[in-house]
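*Asks:*
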Amino acid sequence: MTMPQRMCAGCRARADKTALVRLVWDGAESVIVDRLQRLPGRGVYLHAGCAERALRARALARGLRRPIDGAAVRRVLSTLPVG
Ligand SMILES: [Zn+2]
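End of the sequence shown = 1159 in the numbering used here, gap-free, step of one.
#1: In the structure shown, what three-state DSSP assignment does Arg1134 receive?
#2: Go through its chain and collect everything with a Cβ distance to Val1149's Cβ below 8 Å, but skip five positions before and after it.
#3: Could you check where the alpha helix (DSSP H) with Arg1151 kicks off and where it finishes?
#4: Note down the Cα distance separating Arg1082 from Leu1122, rounded to an integer number of angstroms.
#5: For Ala1095, count neighbouring Cβ atoms within 10 angstroms of its own Cβ and tell me buried if that reaches 16, exposed if not.
#6: Give the residues whose C-beta lies closer than 6 Å to at least one heavy atom of ligand 1, in chain order.
#7: Only counting the same chain, and skipping five residues up and downstream in sequence, which positions put a Cβ closer than 8 Å to that of Arg1118?
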């Protein structure tokens, strides 16, 4: 079975969607992790370990079309289970 693929916003490699974290704008004030990858709206995919790279490249701001608070992104990603 072929898994849907998405590009990581950090390293720009393609990967199975399920190997990436999907981040979406919550519509109010923050970025949230879309754990089931089903929330509506614009999202960006990235490897959990590529977050810093994506922030440096402003890839999240570009993908979500908003100014992104790096500290908030680090905070939500720190809640992810490791591995
Ligand atoms: Zn990556």
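Even glycine gets a Cβ: it sits at the ideal position worked out from N, Cα and C.
*Replies:* Short version:
#1: Indexing the sequence shown from 1 puts residue 1134 at position 58. It is coil, neither helix nor strand.
#2: Against the sequence shown, residue 1149 aligns to sequence position 73. Around Val1149: Leu1099, Val1107, Ala1127, Leu1131 and Leu1136.
#3: On the sequence shown, position 75 is the one that residue 1151 refers to. Gly1146 to Leu1153 is the extent of the alpha helix (DSSP H) around Arg1151.
#4: Locating residue 1082 in the sequence shown gives position 6, counting from the first residue. Locating residue 1122 in the sequence shown gives position 46, counting from the first residue. The straight-line gap from Cα to Cα measures roughly 9 Å.
#5: For the purposes of this step, residue 1095 is identified with residue 19 of the sequence shown, where counting begins at 1. It counts as exposed.
#6: Cys1084, Gly1086, Cys1087, Ala1089, Leu1122, His1123 and Cys1126
#7: For the purposes of this step, residue 1118 is identified with residue 42 of the sequence shown, where counting begins at 1. Cβ neighbours of Arg1118 beyond the five flanking positions: Val1100, Trp1101, Gly1139, Leu1140 and Arg1141.
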